[in-house]
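A.B. asks:
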Amino acid sequence: MLNINENSPFKPDTSNQDIINNHDAFETNFTLANNSIEKGNWNEAYPYLKAAVEMNPSYAQGYNHLGIFYIRNKKYAEAIDNFKKALQIDFSLTEVHYNLAYLYMEREEYSTALPYLKEVVLANPDDYETYYLMGICCIHSNMEKEAESFFSESYRLKPEHIPSAINLCKLLIKKDDYTKARNILLYTYTNDSSLPEVTLLLGIIYKMQKKYTRAMHYLREALLKDKNNAEAYNLLGECCVETGMDKQAETFFLMSVKLNSMDIGAFYNLGRLYYRQEKYENAIYILEEYTKTKEASDTINSLWSENTHTGDDDVVSLYNLLGHCYKTTKNPSKARAIWEKSIAIQPQQQDITDELSRLPQSSHVQKRISLLID
696 MLNINENSPF KPDTSNQDII NNHDAFETNF TLANNSIEKG NWNEAYPYLK
746 AAVEMNPSYA QGYNHLGIFY IRNKKYAEAI DNFKKALQID FSLTEVHYNL
796 AYLYMEREEY STALPYLKEV VLANPDDYET YYLMGICCIH SNMEKEAESF
846 FSESYRLKPE HIPSAINLCK LLIKKDDYTK ARNILLYTYT NDSSLPEVTL
896 LLGIIYKMQK KYTRAMHYLR EALLKDKNNA EAYNLLGECC VETGMDKQAE
946 TFFLMSVKLN SMDIGAFYNL GRLYYRQEKY ENAIYILEEY TKTKEASDTI
996 NSLWSENTHT GDDDVVSLYN LLGHCYKTTK NPSKARAIWE KSIAIQPQQQ
1046 DITDELSRLP QSSHVQKRIS LLID
């Protein structure tokens, strides 16, 4: 029997018969909509959902399903509006919080998604996947401390969840907590040794701990799983340099720059190797190759963004090394030009300022001074 009271969405307008008819119509639309949704036919469900919420404005799940329909049809503003209507009616609907969070994450509005994910874990404290998503939102919102906490909780609830383990370890490595990261990765590796990112991270950790032989073991294994991993080649090259294997290092650095023309680390490492070996022309060639690629990329990026200039320490180091190569090969004008670029990025470099002051003046500058004196 239908219970009619002041809070019922089916308030009597003229007679009890109207109430019964309206309720029967709602039930019909409700059933037809759900049947279509179960078959995956959301377009067919849509008119029944619309009719159902019009007949019963307190039908929260109807608004939720309408939100899903609008997402599937890329009508995101309508989806958000319907999800929020559902929560106004019933804030405890966890599914709606999750759907809103998913939508905001798809739109890369991570800080907006985070509060909805928090509501999901409040209702389901053992939901490791949602803790993982919260960590992702925090990473994109520059909240690394919070991200570590959420990834840690996800990993605690489900140690076999690979994405949580990997993201947690990346944050631990960044803060130099190598032992904890290594233990997590070794546990993951024991359960599944086929994951190239796990072996790469293990290689990074052992390299940072100066255990180069062990690092090279995992880095080579990473390359067996992914032969196009430029980062692994570069790291292998760095390990070879540390163990006195310059020839092998050169081969690995060359592979890295071949695979990734924007990997400044590999270009710098190769240029520094040549400089140390007094192969200055080789160093100039490889460092110039990077600067040409970078400057071309900056030109393209400037078409889309006004702020393309960054104070990148790596770029400064590469420019400074290139300047020393030019100076050593008796090309002071090019040394001056590249060091001036370096100073433009980071003005507070006393050593490079001193190097510039010791360079001979160009003939063009000398000629101008002479004319002024005359």
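Residue numbers for the sequence shown follow the numbering used here, so the first one is 696 and each next one is one higher.
Note that the Cβ used here is the ideal one computed from N, Cα and C, for glycine as well.
For clarity, every value in this text was computed on a predicted model and none was experimentally measured.
Which stretch, first to last residue, makes up the alpha helix (DSSP H) that contains residue 854?
C.D. replies: Counted from its first residue, the sequence shown places residue 854 at position 159. It is not in any alpha helix (DSSP H) - residue 854 carries neither H nor E in the DSSP assignment.
A.B. asks: Would you kindly work out how many angstroms separate the C-alpha atoms of residue 1005 and residue 1042, rounded to a whole number?
C.D. replies: Position 310 of the sequence shown, counted from the start, is the residue given in the question as residue 1005. Position 347 of the sequence shown, counted from the start, is the residue given in the question as residue 1042. Its pLDDT being 45, under 50, residue 1005 is placed unreliably in this model, and the value from its coordinates should be taken loosely. Roughly 13 angstroms separates the two Cα atoms.
A.B. asks: What's the C-alpha gap between residue 886 and residue 981?
C.D. replies: Here residue 886 corresponds to residue number 191 of the sequence shown, with the count starting at 1. Here residue 981 corresponds to residue number 286 of the sequence shown, with the count starting at 1. Roughly 42 angstroms between the two C-alpha positions.
A.B. asks: My understanding is that residue 765 touches residue 774, with C-beta atoms under 8 angstroms, so please give their C-beta distance in whole angstroms.
C.D. replies: For the purposes of this step, residue 765 is identified with residue 70 of the sequence shown, where counting begins at 1. For the purposes of this step, residue 774 is identified with residue 79 of the sequence shown, where counting begins at 1. That pair is a contact at about 4 angstroms.
A.B. asks: With contact counted as at least three CB pairs below 8 angstroms, one residue from each stretch, are the stretch 782-799 and the stretch 747-761 in contact?
C.D. replies: The answer is yes - the stretch 747-761 touches the stretch 782-799, with three or more Cβ pairs under 8 angstroms.
A.B. asks: Comparing alpha-carbon positions, which option in 719, 827 and 819 lies nearest residue 746?
C.D. replies: Taking the first residue of the sequence shown as position 1, residue 746 is located at position 51. For residue 746, the nearest C-alpha among the options comes from 719.
A.B. asks: Starting from the Cα of residue 1054, find the closest Cα among 797, 1040, 1039 and 1025 and give me that residue.
C.D. replies: As a first step, residue 1054 must be located in the sequence shown, where it is residue number 359. Nearest option by C-alpha distance: 1025.
A.B. asks: Indicate the three-state DSSP secondary structure (helix, strand or coil) for residue 804 in the structure shown.
C.D. replies: Translated into the one-based positions of the sequence shown, residue 804 becomes position 109. Coil at residue 804, not helix or strand.
A.B. asks: Report the residue ranges of all alpha helix (DSSP H) runs contained in full by the stretch 744-799; include only those spanning at least 4 residues, in chain order.
C.D. replies: Counting only runs of 4 or more, we get 755-767 and 771-784.
A.B. asks: Taking the alpha carbon of residue 986 as the point to measure from, which residue in 1009, 973 and 1023 has its own alpha carbon closest?
C.D. replies: For the purposes of this step, residue 986 is taken as the residue at position 291 of the sequence shown. Of 1009, 973 and 1023, the residue nearest in Cα terms is 1009.
A.B. asks: Which first and last residues belong to the alpha helix (DSSP H) in which residue 921 is found?
C.D. replies: Within the sequence shown, the letter at position 226 stands for residue 921. Counting along the chain, residue 921 falls outside any alpha helix (DSSP H), and DSSP gives it neither H nor E.
A.B. asks: At what residue ranges does the stretch 813-854 contain a whole run of the beta strand (DSSP E), taking only runs of 3 or more?
C.D. replies: Correct list: empty.
A.B. asks: Quick one: Cα of residue 850 to Cα of residue 859, how far?
C.D. replies: Working through the sequence shown from its first residue, we reach residue 850 at position 155. Working through the sequence shown from its first residue, we reach residue 859 at position 164. Answer to the nearest angstrom: the Cα atoms are 6 angstroms apart.
A.B. asks: At the level of alpha carbons, what is the spacing between residue 796 and residue 727?
C.D. replies: Reading the sequence shown from its first residue, position 101 is the one you call residue 796. Reading the sequence shown from its first residue, position 32 is the one you call residue 727. In a straight line, the C-alpha of residue 796 is about 28 angstroms away from that of residue 727.
A.B. asks: Taking the straight line between their C-alpha atoms, what separation do you get for residue 1051 and residue 810?
C.D. replies: Walking along the sequence shown from the start, residue 1051 turns up at place 356. Walking along the sequence shown from the start, residue 810 turns up at place 115. In a straight line, the C-alpha of residue 1051 is about 54 angstroms away from that of residue 810.
A.B. asks: Does the stretch 831-847 touch the stretch 876-884, meaning 3 or more C-beta pairs lie closer than 8 angstroms?
C.D. replies: Contact fails: fewer than three Cβ-Cβ distances are below 8 angstroms.
A.B. asks: So residue 954 and residue 925 are in contact, right, with Cβ under 8 angstroms, and what is the actual spacing, rounded?
C.D. replies: The count along the sequence shown starts at 1 and reaches residue 954 at position 259. The count along the sequence shown starts at 1 and reaches residue 925 at position 230. Right, the Cβ-Cβ distance comes to about 4 angstroms (below 8 angstroms), so this counts as a contact.
A.B. asks: Less than 8 angstroms between the CB atoms is what I'm expecting for residue 830 and residue 842, so what's the real figure, rounded?
C.D. replies: Looking up residue 830 in the sequence shown gives position 135. Looking up residue 842 in the sequence shown gives position 147. With a Cβ gap of about 5 angstroms, residue 830 and residue 842 count as contacting.
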